[in-house]
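A short write-up of the structure that comes next.
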Amino acid sequence: FPNPRTANSRDSATLIQILKIKNKNALRREEIAIKMVSKSVMVDFDGSTNLVTLTVNSRWPELAAAIANRTISLVDGFNREQRVSRARSKRTFVEDRLTTAKAELHAAEDRQKQFYEQNRLWRSSPHLVFEEGRIQRNTDVAEDLFLTLQRQFEAARLEEFSDAALITIVDPGVPPQKAQWPRYWLLLASALAIGGILGLLAAGSATVLADWTNRNPATASELSDSLAAIPRVRRRGTDGARIVH
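For the sequence shown, the positions run 38 to 282 when our numbering is used.
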(Lines of atoms letter the chains of each structure in order from A and count residues from 1; the text may use other names and numbers.)
(Lines give C-alpha, C1' and ligand atoms only; values in the text may rest on other atoms or scores of the structure.)
Protein backbone atom coordinates (compact mmCIF):
# COMPACT_ATOMS: atom_id res chain seq x y z
CA PHE A 1 0.00 0.00 0.00
CA PRO A 2 1.17 3.61 -0.52
CA ASN A 3 2.62 4.76 2.78
CA PRO A 4 0.62 7.81 3.92
CA ARG A 5 3.09 8.49 6.72
CA THR A 6 5.78 9.66 4.29
CA ALA A 7 5.90 12.66 2.00
CA ASN A 8 6.95 10.58 -1.00
CA SER A 9 3.88 9.11 -2.70
CA ARG A 10 6.02 6.31 -4.18
CA ASP A 11 6.86 4.87 -0.78
CA SER A 12 4.96 1.71 0.05
CA ALA A 13 4.51 -0.34 3.20
CA THR A 14 2.43 -3.15 4.60
CA LEU A 15 -0.66 -2.47 6.67
CA ILE A 16 1.15 -3.73 9.74
CA GLN A 17 3.85 -1.11 9.19
CA ILE A 18 1.36 1.66 8.43
CA LEU A 19 -0.74 0.86 11.50
CA LYS A 20 2.44 0.67 13.64
CA ILE A 21 1.46 -2.54 15.38
CA LYS A 22 4.01 -3.29 18.07
CA ASN A 23 4.31 -6.97 18.91
CA LYS A 24 7.27 -9.34 18.79
CA ASN A 25 5.13 -12.22 17.53
CA ALA A 26 4.56 -11.96 13.77
CA LEU A 27 1.35 -14.03 13.87
CA ARG A 28 0.00 -11.87 16.67
CA ARG A 29 0.74 -8.74 14.62
CA GLU A 30 -1.26 -10.19 11.75
CA GLU A 31 -4.17 -11.00 14.08
CA ILE A 32 -4.20 -7.45 15.44
CA ALA A 33 -4.03 -6.01 11.91
CA ILE A 34 -6.92 -8.21 10.75
CA LYS A 35 -9.07 -7.10 13.69
CA MET A 36 -8.28 -3.43 13.08
CA VAL A 37 -9.04 -3.63 9.36
CA SER A 38 -12.22 -5.67 9.98
CA LYS A 39 -13.53 -2.95 12.28
CA SER A 40 -12.86 -0.30 9.63
CA VAL A 41 -14.58 -2.18 6.77
CA MET A 42 -18.37 -2.14 6.42
CA VAL A 43 -20.33 -4.12 3.82
CA ASP A 44 -23.93 -3.45 2.78
CA PHE A 45 -25.80 -5.83 0.46
CA ASP A 46 -28.94 -4.95 -1.50
CA GLY A 47 -30.69 -8.21 -2.33
CA SER A 48 -33.06 -6.60 -4.83
CA THR A 49 -30.22 -5.42 -7.07
CA ASN A 50 -27.40 -7.76 -5.95
CA LEU A 51 -25.37 -4.64 -5.30
CA VAL A 52 -22.67 -4.75 -2.63
CA THR A 53 -21.44 -1.47 -1.16
CA LEU A 54 -18.04 -1.54 0.52
CA THR A 55 -17.09 1.30 2.86
CA VAL A 56 -13.65 1.65 4.46
CA ASN A 57 -12.88 4.07 7.27
CA SER A 58 -9.30 5.19 7.72
CA ARG A 59 -7.30 8.09 9.01
CA TRP A 60 -5.93 8.61 5.49
CA PRO A 61 -8.38 8.84 2.55
CA GLU A 62 -5.86 7.41 0.05
CA LEU A 63 -5.31 4.38 2.26
CA ALA A 64 -9.08 3.86 2.63
CA ALA A 65 -9.50 3.82 -1.16
CA ALA A 66 -6.51 1.48 -1.58
CA ILE A 67 -7.88 -0.97 0.99
CA ALA A 68 -11.31 -0.94 -0.69
CA ASN A 69 -9.87 -1.60 -4.15
CA ARG A 70 -7.50 -4.29 -2.86
CA THR A 71 -10.38 -6.00 -1.05
CA ILE A 72 -12.45 -6.10 -4.23
CA SER A 73 -9.47 -7.42 -6.18
CA LEU A 74 -8.84 -10.20 -3.66
CA VAL A 75 -12.51 -11.21 -3.57
CA ASP A 76 -12.65 -11.29 -7.37
CA GLY A 77 -9.47 -13.38 -7.53
CA PHE A 78 -10.85 -15.79 -4.93
CA ASN A 79 -14.09 -16.19 -6.90
CA ARG A 80 -12.15 -16.85 -10.10
CA GLU A 81 -10.02 -19.51 -8.40
CA GLN A 82 -13.09 -21.17 -6.94
CA ARG A 83 -14.86 -21.16 -10.29
CA VAL A 84 -11.83 -22.62 -12.08
CA SER A 85 -11.44 -25.25 -9.36
CA ARG A 86 -15.10 -26.28 -9.61
CA ALA A 87 -14.95 -26.29 -13.41
CA ARG A 88 -11.78 -28.41 -13.36
CA SER A 89 -13.36 -30.93 -11.00
CA LYS A 90 -16.49 -31.05 -13.15
CA ARG A 91 -14.44 -31.43 -16.34
CA THR A 92 -12.43 -34.30 -14.83
CA PHE A 93 -15.58 -36.09 -13.68
CA VAL A 94 -17.35 -35.65 -17.03
CA GLU A 95 -14.22 -36.71 -18.90
CA ASP A 96 -14.07 -39.99 -16.97
CA ARG A 97 -17.75 -40.62 -17.59
CA LEU A 98 -17.31 -39.73 -21.26
CA THR A 99 -14.53 -42.30 -21.63
CA THR A 100 -16.73 -44.96 -20.07
CA ALA A 101 -19.76 -43.96 -22.17
CA LYS A 102 -17.66 -44.08 -25.34
CA ALA A 103 -16.53 -47.61 -24.54
CA GLU A 104 -20.11 -48.65 -23.78
CA LEU A 105 -21.31 -47.16 -27.08
CA HIS A 106 -18.64 -49.00 -29.03
CA ALA A 107 -19.58 -52.24 -27.29
CA ALA A 108 -23.28 -51.70 -28.10
CA GLU A 109 -22.46 -50.94 -31.74
CA ASP A 110 -20.28 -54.04 -31.96
CA ARG A 111 -23.12 -56.20 -30.60
CA GLN A 112 -25.51 -54.67 -33.10
CA LYS A 113 -23.06 -55.25 -35.96
CA GLN A 114 -22.51 -58.83 -34.90
CA PHE A 115 -26.27 -59.42 -34.72
CA TYR A 116 -26.79 -58.19 -38.29
CA GLU A 117 -23.88 -60.29 -39.58
CA GLN A 118 -25.19 -63.44 -37.94
CA ASN A 119 -28.87 -62.87 -38.66
CA ARG A 120 -29.27 -61.52 -42.18
CA LEU A 121 -32.88 -62.73 -42.36
CA TRP A 122 -33.86 -61.51 -38.88
CA ARG A 123 -37.02 -59.79 -40.20
CA SER A 124 -38.57 -63.19 -40.90
CA SER A 125 -38.30 -64.31 -37.28
CA PRO A 126 -40.46 -62.70 -34.54
CA HIS A 127 -37.90 -63.65 -31.93
CA LEU A 128 -35.06 -62.02 -33.87
CA VAL A 129 -37.19 -58.93 -34.54
CA PHE A 130 -37.69 -58.53 -30.80
CA GLU A 131 -33.98 -59.10 -30.15
CA GLU A 132 -33.02 -56.55 -32.82
CA GLY A 133 -35.30 -53.97 -31.21
CA ARG A 134 -33.72 -54.53 -27.81
CA ILE A 135 -30.21 -54.20 -29.23
CA GLN A 136 -31.19 -51.05 -31.11
CA ARG A 137 -32.64 -49.45 -27.96
CA ASN A 138 -29.48 -50.21 -26.01
CA THR A 139 -27.41 -48.66 -28.78
CA ASP A 140 -29.63 -45.56 -28.88
CA VAL A 141 -29.39 -45.10 -25.10
CA ALA A 142 -25.60 -45.48 -25.20
CA GLU A 143 -25.40 -42.98 -28.06
CA ASP A 144 -27.61 -40.42 -26.29
CA LEU A 145 -25.55 -40.71 -23.12
CA PHE A 146 -22.32 -40.31 -25.05
CA LEU A 147 -23.56 -37.22 -26.92
CA THR A 148 -24.88 -35.63 -23.71
CA LEU A 149 -21.60 -36.18 -21.89
CA GLN A 150 -19.66 -34.89 -24.87
CA ARG A 151 -21.62 -31.61 -24.80
CA GLN A 152 -21.13 -31.32 -21.04
CA PHE A 153 -17.41 -31.97 -21.45
CA GLU A 154 -17.03 -29.19 -24.00
CA ALA A 155 -19.02 -26.80 -21.79
CA ALA A 156 -16.84 -27.69 -18.78
CA ARG A 157 -13.68 -27.03 -20.78
CA LEU A 158 -14.97 -23.63 -21.85
CA GLU A 159 -15.96 -22.78 -18.28
CA GLU A 160 -12.56 -23.84 -16.97
CA PHE A 161 -10.72 -21.45 -19.28
CA SER A 162 -13.32 -18.70 -19.27
CA ASP A 163 -12.04 -15.27 -18.18
CA ALA A 164 -15.45 -13.66 -17.74
CA ALA A 165 -15.68 -11.33 -14.77
CA LEU A 166 -17.76 -12.57 -11.85
CA ILE A 167 -17.82 -9.16 -10.16
CA THR A 168 -18.80 -5.99 -11.98
CA ILE A 169 -17.26 -2.93 -10.35
CA VAL A 170 -19.79 -0.12 -10.59
CA ASP A 171 -17.65 2.50 -8.82
CA PRO A 172 -14.04 1.91 -7.74
CA GLY A 173 -12.81 3.14 -4.39
CA VAL A 174 -11.74 6.79 -4.52
CA PRO A 175 -10.26 8.97 -1.74
CA PRO A 176 -13.05 11.07 -0.17
CA GLN A 177 -12.62 14.82 -0.40
CA LYS A 178 -14.26 15.42 2.97
CA ALA A 179 -13.73 13.47 6.15
CA GLN A 180 -16.83 11.76 7.49
CA TRP A 181 -15.54 12.04 11.06
CA PRO A 182 -15.23 13.95 13.28
CA ARG A 183 -18.40 15.90 12.52
CA TYR A 184 -17.82 19.00 14.59
CA TRP A 185 -21.37 20.29 14.34
CA LEU A 186 -22.63 16.97 15.70
CA LEU A 187 -20.09 17.05 18.53
CA LEU A 188 -21.06 20.65 19.35
CA ALA A 189 -24.76 19.81 19.35
CA SER A 190 -24.13 16.78 21.56
CA ALA A 191 -22.05 18.85 23.99
CA LEU A 192 -24.75 21.52 24.20
CA ALA A 193 -27.45 18.90 24.77
CA ILE A 194 -25.45 17.15 27.48
CA GLY A 195 -24.64 20.50 29.12
CA GLY A 196 -28.31 21.47 29.10
CA ILE A 197 -29.33 18.16 30.65
CA LEU A 198 -26.68 18.47 33.37
CA GLY A 199 -27.81 22.05 34.05
CA LEU A 200 -31.41 20.96 34.42
CA LEU A 201 -30.39 18.14 36.73
CA ALA A 202 -28.31 20.52 38.87
CA ALA A 203 -31.13 23.08 39.06
CA GLY A 204 -33.66 20.39 39.90
CA SER A 205 -31.39 18.92 42.58
CA ALA A 206 -30.87 22.37 44.14
CA THR A 207 -34.63 22.97 44.19
CA VAL A 208 -35.32 19.60 45.79
CA LEU A 209 -32.57 20.16 48.38
CA ALA A 210 -33.87 23.63 49.27
CA ASP A 211 -37.41 22.31 49.64
CA TRP A 212 -36.24 19.44 51.84
CA THR A 213 -34.20 21.87 54.02
CA ASN A 214 -37.24 24.09 54.52
CA ARG A 215 -39.35 21.13 55.55
CA ASN A 216 -36.69 19.52 57.77
CA PRO A 217 -34.63 22.34 59.32
CA ALA A 218 -33.44 20.30 62.31
CA THR A 219 -32.24 17.37 60.24
CA ALA A 220 -30.61 19.71 57.73
CA SER A 221 -28.75 21.51 60.54
CA GLU A 222 -27.46 18.21 61.94
CA LEU A 223 -26.35 17.09 58.47
CA SER A 224 -24.54 20.38 57.93
CA ASP A 225 -22.73 20.07 61.27
CA SER A 226 -21.74 16.48 60.46
CA LEU A 227 -20.30 17.48 57.09
CA ALA A 228 -18.39 20.35 58.69
CA ALA A 229 -16.82 17.95 61.17
CA ILE A 230 -15.33 15.75 58.44
CA PRO A 231 -11.53 16.36 58.21
CA ARG A 232 -10.44 17.93 54.94
CA VAL A 233 -7.00 17.84 53.38
CA ARG A 234 -5.73 21.38 52.83
CA ARG A 235 -2.13 21.10 51.72
CA ARG A 236 1.11 19.20 52.18
CA GLY A 237 3.83 20.38 54.48
CA THR A 238 7.41 20.78 53.39
CA ASP A 239 8.25 17.36 54.83
CA GLY A 240 5.55 15.66 52.79
CA ALA A 241 3.07 15.27 55.69
CA ARG A 242 -0.56 16.20 55.06
CA ILE A 243 -2.14 18.92 57.21
CA VAL A 244 -5.72 17.99 58.16
CA HIS A 245 -8.23 20.11 60.03
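A virtual CB, placed ideally from N, CA and C, is assigned to each residue, including glycine.
What you are looking at is a predicted structure, and each value in this text was computed from that prediction instead of being measured.
Residue of the options minimising C-alpha distance to residue i
i	options	result
I55	V166, R96 and D208	R96
E197	Q119, E99 and R174	Q119
V93	N253, Q173 and M79	M79
E141	F183, N116, V121 and L111	F183
V89	D208, I58 and A138	D208
M73	I58, G84, D83 and N62	I58
S199	A44, I71, R117 and E68	R117
S110	L195, L238 and L91	L91
V121	K139, L195, A247 and N45	L195
A138	S242, L186, R174 and L238	L186
R188	A240, G236, A70 and L135	L135
Contact set for residue i: own chain, Cβ-Cβ below 6 Å, skip 5 residues either direction
i	result
N9	With the chain represented from 38 up to 282, any question about residue 9 goes unanswered, as that position is not in the structure.
K127	A193
E169	W159
E154	none
R42	none
N156	L165
I234	none
F82	V89
I69	I58
Neighbourhood of residue i by C-beta, 7 Å cutoff - its chain only, sequence neighbours within 5 removed
i	result
T176	A145, E146 and Q149
E132	F190
I172	R148, Q149 and F152
E180	L142
S77	V93, N94 and S95
N40	D48, S49, A50 and I55
Beta-carbon proximity list for residue i, same chain, < 8 Å, skipping 5 on both sides
i	result
F38	S49, A50, T51, L52, I55, L100, A103, I104 and R107
Residue i: first and last residue of the uninterrupted alpha helix (DSSP H) it sits in
i	result
F82	Here F82 belongs to no alpha helix (DSSP H); instead the beta strand (DSSP E) covers V78 to D83.
L158	Run containing L158: none; DSSP gives neither H nor E here.
I55	L52 to I55
The beta strand (DSSP E) enclosing residue i, as first and last residue numbers
i	result
V112	Element bounds for V112: not the beta strand (DSSP E) but the alpha helix (DSSP H), P98 to Q155.
Beta-ladder partner(s) of residue i, from DSSP
i	result
V93	V78
L88	D83
S49	P39
Residue i: CB within 8 Å of a non-hydrogen atom of the ligand MG
i	result
L235	As for the ligand MG, it is missing from this structure, which has no ligand bound.
Whole beta strand (DSSP E) elements within the segment 163–196, 3-residue minimum
none
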